[in-house]
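All remarks here apply to the structure that follows.
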Amino acid sequence: MTFHVTDGPVSNENSDFYRLDKINKALALAGRKMWRTLLGAVAVASALATTVLGLYVTPKDEHLGNSVRLLYVHPPVAWAALYLAFGLTTLCSILYLIPKTRSPFFDKIAGASAESGILFLSLTLITGSIWGHMTWGVWWTWDARLTLTAVLLVLYLGYLSVRKISGTDHSKAIRNSIAALIAAIDVPIVHFSVIWWNTLHQTASILTPNLQFKVPPSMGITMGIGFLSATFAWVWMVRVRYEISVLEEARESESLTTLIQNRRMERVG
Amino acid sequence: MTLTSSKRRRRLIAVGTVLLCVFAFLIYEGLTNSIEYFKTASQAVSSRAALGTSTFRIEGTVVPGSIHRKANDTYFSISSGSTEVPIVDSGTPPQLFQPGIPVVLVGHFQAGNGPGGTSTTFLTNEIMVKHTSTYIAAHPNRVKASNGTTR
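Residue numbers (the working numbering), protein chains in the order written: chain H, 6 to 274; chain Y, 48 to 198.
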C-alpha cells in the first residue's frame, strides 16, 4: 500500500472534490463500469430464462415429479461455488505465492472469489437440503458428499477469517494464499466422493467420467442456461467485490492522510 | 540457533507439506473406514454374523411385486446382485417409494433364527429413496409393466 503526504495546501486535500476524484481514480483502476452492468444484465436475463423454462416449458420427471426442477438450480450453484469460485481462489493464491507473478491484485481477487463461493455453497446446501427432503425423504444425512460439503463451507469461512488477521499487506497475502491452498484440498475430495464412497447422493449427470448425457434435451438446455446464469452472476459478484476492496483500500489510505493533515493543522493552529 | 530467512522458509515449506499430507490422509482414511455410509444387501448378508443386531444402513433395489402392507407395517424385499433381503418397515415410507427403485434403509437384522439359519430379515423405520442420476420426462400415456415398474 502506498500513500503520499504532500506539503500542498491543506484545504484542497480535504475538499469533497479531491475525495471524489480519488475514488473515481480508484474505480477507473478497477475497470470500466459498463462491462459490470452488462455482466449483471446477462446474469439476470439468463436467470429469468431459467425460471421460465424450468417452471413452464420443461416436463415433470417420471419419478421425481415437479421436484426435478431443482435440477436447473442446484447443480449450477454448486458448479459456481466449487469449481468457479474456489477454483479461482486457488489459482490466484498460487499466482501470489509464485514470486514472478506476485501482485496484490491476485490476493484481492482470491478473497472476492472466496466470498462469492461461500454464498453459492450456502445456496448449494439449502437447495440440496430441500431436494433431499423431496426425493430421499430426509433433509440431511451424514453421507460422504454432504458431510464433506459442510466441511468445505467451514474451511472457506476459516479462510475468510484468516483474511481478517492484521499484518503488513505482503505478510497477510502470503498467509491468505497458504490458507486458501489448505481449504482447496477438500474441493476434489467433494467432487470424487460420490465415486470413491457409498453415498446417498447420486453421481454426476453431466460431468460423468465418460461424458454421457443422462437428461432429456429440453431439461439439458434449461440446465445449460442455468449454468450460464450462475456463471455470469459469479463473475459479476467477483468484479463488484473486487471494486469494493479497491475502494476500501483507497479510503483507508485517505483517512490516514486526513489524520496526518489534521495533526499538522493542530500544530500550526 | 538463528536461521537465515531462506532456511526458515524451507523449513516452513517442509513442515507445511507434511501437515497437508497428514490432513489429506486423515480425511481419506476417516471417510473410508468409519463413514461407510451403507452396506449393500449382499455385503450385509455375507457379514450377517458380525453385524448381529447392530444398527446400520442397508442398500438395495425394491423387488417389484414384493410390497404388501399389514396393520401399520410395510413388508417388501430388497435385492443386490443375487441376494434378497426381506424387510419389515414400521415407519412411513417416503412419497417416492415404489417398486424397482434403489433405497437406503436404517435399521438392524432381526434377532433369532429364520428359515435356514440366522434370520436375515431387516427391521427398519426409516427409508431413504436413493435417486439415480438419470432423468426421464414424465409421459402421461406411459405403459406400466405388470409388476408395477415404468421401464
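A virtual CB, placed ideally from N, CA and C, is assigned to each residue, including glycine. Because the structure is a prediction, the values reported are computed rather than measured.
Name, please, each residue of chain Y whose Cβ falls closer than 9 Å to the Cβ of residue i.
i	result
A209 of chain H	S180
V251 of chain H	Those within 9 Å of V251 of chain H in chain Y number zero; the least Cβ separation is about 30 Å.
With a 10 Å radius around its C-beta and 16 neighbouring C-beta atoms as the bar for buried, classify residue i as buried or exposed.
i	result
D112 of chain H	buried
L232 of chain H	Checking the sequence, you will find Phe at residue 232 of chain H rather than Leu. Buried, by the Cβ-count rule.
G159 of chain Y	exposed
I183 of chain Y	buried
P14 of chain H	Because the pLDDT of P14 of chain H is 47, which lies under 50, any placement of that residue in the model is unreliable, and the number read from its coordinates should be weighed accordingly. So P14 of chain H counts as exposed.
P104 of chain H	exposed
I105 of chain Y	buried
S234 of chain H	buried
V243 of chain H	buried
W40 of chain H	exposed
E257 of chain H	exposed
H9 of chain H	At H9 of chain H the pLDDT is 49, less than 50, meaning the model places this residue with poor confidence; the figure from the coordinates comes in the next sentence. H9 of chain H should be labelled exposed.
Using a C-beta to C-beta distance shorter than 9 Å, which residues of chain H count as neighbours of residue i?
i	result
L67 of chain Y	L186, I187, I190
I74 of chain Y	L153, V156, I190, D191, I194
F169 of chain Y	What F169 of chain Y touches in chain H: nothing, since even the nearest Cβ is about 17 Å away.
Determine the chain Y residues that contact residue i at a beta-carbon separation under 7 Å, and present them in chain order.
i	result
P64 of chain H	A184, A185
V73 of chain H	Y182
What residue from the options has the CA that sits closest to residue i's CA?
i	options	result
A209 of chain H	Y:H178, Y:G107, Y:H186, Y:A184	Y:H178
P222 of chain H	H:S51, H:L58, H:V49	H:L58
I200 of chain Y	Y:S113, Y:P140, Y:N119	With chain Y covering 48 to 198 only, the question about residue 200 of chain Y has no answer from this structure.
V150 of chain Y	H:Y247, H:G142, H:L53, H:W40	H:G142
P109 of chain H	H:E254, H:T263, H:I265	H:E254
F103 of chain Y	Y:L152, Y:V62, Y:H186	Y:L152
W147 of chain H	H:R74, H:V78, H:V199	H:V199
L69 of chain H	Y:F144, Y:Y84, Y:T165, Y:V69	Y:F144
Leaving out five residues on either side along the sequence, give the residues of the same chain with a beta carbon under 8 Å from the beta carbon of residue i.
i	result
L158 of chain H	I123, L126, S127, L130
S250 of chain H	K113, G116, A117
V132 of chain Y	A88, A91, V92, I105, G107, S124, I125, S126, T167, T168, F169
Spatial neighbours of residue i within its chain, please: CB distance less than 7 Å, with the 5 preceding and 5 following residues excluded, ordered by chain position.
i	result
I194 of chain H	L153
H138 of chain H	W144
Y247 of chain H	A35, K113, I114, A117
T87 of chain Y	E106, G107, S127
A3 of chain H	The structure shown has nothing for residue 3 of chain H, since chain H only spans 6 to 274.
F237 of chain H	L44, V47, A48, S51
Output, in chain order, the set of chain H residues within a Cβ distance shorter than 8 Å of residue i.
i	result
I174 of chain Y	G142
G112 of chain Y	Under the 8 Å cutoff, chain H gives no residues; its nearest Cβ is about 18 Å from G112 of chain Y.
G63 of chain Y	I183
Spatial neighbours of residue i within its chain, please: C-beta separation below 6 Å, excluding the five flanking residues on both sides.
i	result
S89 of chain Y	S127, G128, T130
T7 of chain H	Because T7 of chain H carries a pLDDT of 45, less than 50, the predicted location of this residue cannot be relied on, and no value is offered for it.
A184 of chain H	Y164, V167
A86 of chain H	G122, F125, L126, T129
Starting from residue i, find everything on chain H with Cβ-Cβ shorter than 7 Å and list it in chain order.
i	result
Y84 of chain Y	D148, A149, W202, N203, T204, L205
So residue i contacts chain Y; which residues on that side make the cut at Cβ distance below 8 Å?
i	result
L69 of chain H	L143, H178, Y182
Legend entry - Contact residues within the stretch 76-94 of chain H, judged by C-beta distance below 9 Å to chain Y: L76
Legend entry - Contacting positions in the stretch 125-145 of chain H - beta carbon closer than 7 Å to chain Y: T140, W141, G142, V143
Inset, instruction - Mind checking the stretch 218-249 of chain H against chain Y and listing, in chain order, the residues whose C-beta falls within less than 8 Å of any C-beta there? - result: Taken in chain order, the members of the stretch 218-249 of chain H whose beta-carbon sits within less than 8 Å of a beta-carbon on chain Y are K219, V220, P221, S223, M224.
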